[in-house]
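**Q** Residue numbers for the sequence shown follow this note's numbering, beginning at 38 and rising by one.
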Amino acid sequence: SRYPGEIKEMEGYGWKGATEGTFDWKVFLENKNQEITRLNNVYQNFVLKNAGVEVIEATGSLASPNSVSVHTTATGETSLVTAKNILIAVGGWPFKPDIPGIEHAITSNEIFYLEEQPKRIVVVGGGFIALEFASIMDGLGSDVTLMYRGDLFLRGFDGDMRNHLKEEMENNSGIDVKFNTDPKEISKKDDGTLIVVDQDGNELECDAILYATGRKGKIDGLGLDKAGVTTEGTFIPVDDYSRTNVPSVYAVGDITDRIALTPVALMEGHRLSDTLFGGKDRPVDHEYVASTVFTTPEIGTVGYSEEDAAAKFGDIDVYKNRFRAMKHSFPKSETYSLFKLIVDSKTQRVVGCHVATDGAGEMVQGVAIAIKMGATKEDFDNTIGIHPTSAEELVTMRTPSYYYRGGVKTDTLE
């Protein structure tokens, strides 16, 4: 979805006559389906099979703390499987609110299975999934309206990153961002057009409405009550070893409502396996988990936001810089990057890194290793930058932009 933006900048480098061309939704879907099939085959026939895992295509539900009732899809037969340990890793499912016409809405599950690309799409939500799909569909040429009921999206992320992305979206995308807007009704006309009505009665026509307003755990039908497993809402609470209140039953991934990221679920499962079968004591570790929001620009982040760091450490130094990356200088694009480091002033450990720029995810993955290892600001300063790159900004910011002392922001230190 970013290719059109790349092509628009080519003329600034002397390339004449380059055009975006036309996007073929059907070709994209065909290639997407082929890739998913390939990946499924890799996991089924190589990863799981080579590990000696028996795969049963069936629906399972707990029958007791040490048994699972298995309803085989193909035969319709039900059997009982017993085990010393049971692991629940069923994930989550998109949540859609109960409003009139919600049956006309889709989620991230269905968007790339639509037969036709929606030319006009409304995306509802303010989390990373909503923003990513808004950016993707905008890049693919759809007219996108983003509706979020709050004042500013990406709640929980660093405040500067949230505001920077807002500015970039408003200035450099075709996305119509509507804050403090919450759909209250959806209706469908005879020609298939959808009409979205917000809380103030404003109407907007579109071809599709995608809800990304959170996820809930897929606990329905699991029979958790039969095993005595406690739940909180639609999620399963666990301890640091991913154990539920029932000693023989464990849970990992989105169903536990910790950090809903695929690599985090892998870590939780790996550490559980090491603890149960590897003779190791490996509780989960959710501190300094790197992540990326695949918007345009990308946001890469690891560690504490400025707000959370000030609350936790009290005394912090904040380094940041906003600039136009060299890549965008020739075409004179008004596209800007934002780099930010959060330092615990007492220990000088870097406790947060936040980047909004092209390829931020690739960049922050490497930085995350250093931060996880406990790198200090001096370690960053002693590292030679790679020139000319945007990433060198991480090791060349020498003077704090401002400070916090006792949790209170101050521009200077006396």
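Don't be surprised by glycine CBs; every beta carbon is placed ideally from N, CA and C.
Note that the coordinates shown come from a computational prediction; the quantities given were computed from them, not determined experimentally.
1) Exposed or buried, what is Tyr287 when buried is set at 16 or more other beta-carbons lying within 10 Å of its beta-carbon?
2) Would you mind sorting Thr281 into buried or exposed? The rule is 16 or more other CB atoms within 10 Å of its CB.
3) Alpha carbon to alpha carbon, how far is Lys133 from Tyr248? Give it in angstroms, no decimals.
4) Within 10 angstroms of the Cβ of Ile408, are there 16 or more other Cβ atoms? Answer buried if so, exposed if not.
5) Go to Ala393, then tell me how far its alpha helix (DSSP H) extends in each direction, as first and last residue.
6) Indicate the three-state DSSP secondary structure (helix, strand or coil) for Arg442 in the structure shown.
7) Would you tell me roughly how many angstroms separate the C-alpha atoms of Lys121 and Tyr80, rounded to the nearest one?
8) Starting from Lys349, follow the beta strand (DSSP E) in both directions and report where the run begins and ends.
9) Along the chain, where does the alpha helix (DSSP H) that runs through Gly128 open and close?
10) Using the three-state DSSP reduction, which class does Thr536 fall into: helix, strand or coil?
11) By alpha-carbon positions, which one of Glu205, Asn217, Asp175 ends up nearest to Leu189?
12) Taking 8 Å as the cut-off, does the segment 377 to 384 touch the segment 349 to 365 (at least 3 CB pairs, one atom from each stretch)?
13) Excluding five sequence neighbours on each side, which residues of the same chain lie with their C-beta closer than 7 Å to the C-beta of Arg252?
14) With which residues is Ile143 paired in a DSSP beta bridge?
15) For Leu261 and His108, I'd like the C-alpha separation in whole angstroms.
16) With a 10 Å radius around its C-beta and 16 neighbouring C-beta atoms as the bar for buried, classify Lys364 as buried or exposed.
17) Would a C-beta distance cut-off of 7 Å place Val214 and Leu168 closer than the cut-off?
18) Name the one or two DSSP bridge partners that Gly340 has.
19) If you compare alpha carbons, which of Gly113, Val105, Leu431, Ile246 is closest to Leu259?
20) Using only CA atoms, which one of Thr56, Ile246, Phe165 lies nearest to Gly229?
21) In or out: His323 buried (at least 16 other Cβ within 10 Å) or exposed?
22) Tell me which residue opens and which closes the beta strand (DSSP E) that Val107 is part of.
**A** Once the coordinates are examined:
1) Here residue 287 refers to the residue found at position 250 when the sequence shown is read from its first residue. Buried is the call here.
2) What you label residue 281 is simply residue 244 of the sequence shown in a count that begins at 1. The residue is buried, with at least 16 neighbouring Cβ atoms inside 10 Å.
3) Within the sequence shown, numbered from 1, the residue matching residue 248 stands at position 211. Within the sequence shown, numbered from 1, the residue matching residue 133 stands at position 96. C-alpha separation (whole angstroms): 6 Å.
4) Here residue 408 refers to the residue found at position 371 of the sequence shown. With 16 or more other Cβ atoms within 10 Å, it is buried.
5) Reading the sequence shown from its first residue, position 356 is the one you call residue 393. Run containing Ala393: none in the alpha helix (DSSP H); it sits in the beta strand (DSSP E), 387 to 394.
6) Position 405 of the sequence shown, counted from the first residue, corresponds to residue 442. Strand, per DSSP.
7) Stepping through the sequence shown from its first residue, residue 121 is reached at position 84. Stepping through the sequence shown from its first residue, residue 80 is reached at position 43. If I take the Cα positions, the gap works out to 25 Å.
8) Indexing the sequence shown from 1 puts residue 349 at position 312. Careful: Lys349 lies outside any beta strand (DSSP E), inside the alpha helix (DSSP H) at 343 to 350.
9) Taking the sequence shown and counting its residues from 1, one reaches residue 128 at position 91. From DSSP, Gly128 is part of no alpha helix (DSSP H); its letter is neither H nor E.
10) Residue 536 falls outside the range modelled here, since the chain spans only 38 to 451, and no answer is possible.
11) For this step, residue 189 is matched to residue 152 along the sequence shown. Per the Cα distances, Asn217.
12) yes
13) Translated into positions along the sequence shown, residue 252 becomes position 215. If we look at Arg252 and ignore the five residues flanking it on each side, its Cβ neighbours are Gly129, Trp130, Pro131, Phe132, Asp291, Ala297.
14) What you label residue 143 is simply residue 106 of the sequence shown in a count that begins at 1. The partner list for Ile143 (beta bridge, DSSP) reads Leu247.
15) Position 224 of the sequence shown, counted from the first residue, corresponds to residue 261. Position 71 of the sequence shown, counted from the first residue, corresponds to residue 108. Going by the C-alpha atoms only, they are around 16 Å apart.
16) Numbered from its first residue, the sequence shown carries residue 364 at position 327. It is buried - the Cβ of Lys364 has at least 16 other Cβ atoms within 10 Å.
17) Position 177 of the sequence shown, counted from the first residue, corresponds to residue 214. Position 131 of the sequence shown, counted from the first residue, corresponds to residue 168. No, they are not a contact pair.
18) On the sequence shown, residue 340 is found 303 positions in, with the first residue counted as 1. The partner list for Gly340 (beta bridge, DSSP) reads Gly389.
19) The residue given as residue 259 occupies position 222 in the sequence shown. When only C-alpha atoms are compared, the closest one is Val105.
20) Counting from 1 along the sequence shown, the entry for residue 229 is found at position 192. If we check each option's Cα against that of Gly229, Ile246 comes out closest.
21) Looking up residue 323 in the sequence shown gives position 286. His323 should be labelled exposed.
22) Here the question's residue 107 lines up with position 70 in the sequence shown. Here the beta strand (DSSP E) through Val107 covers 104 to 109.
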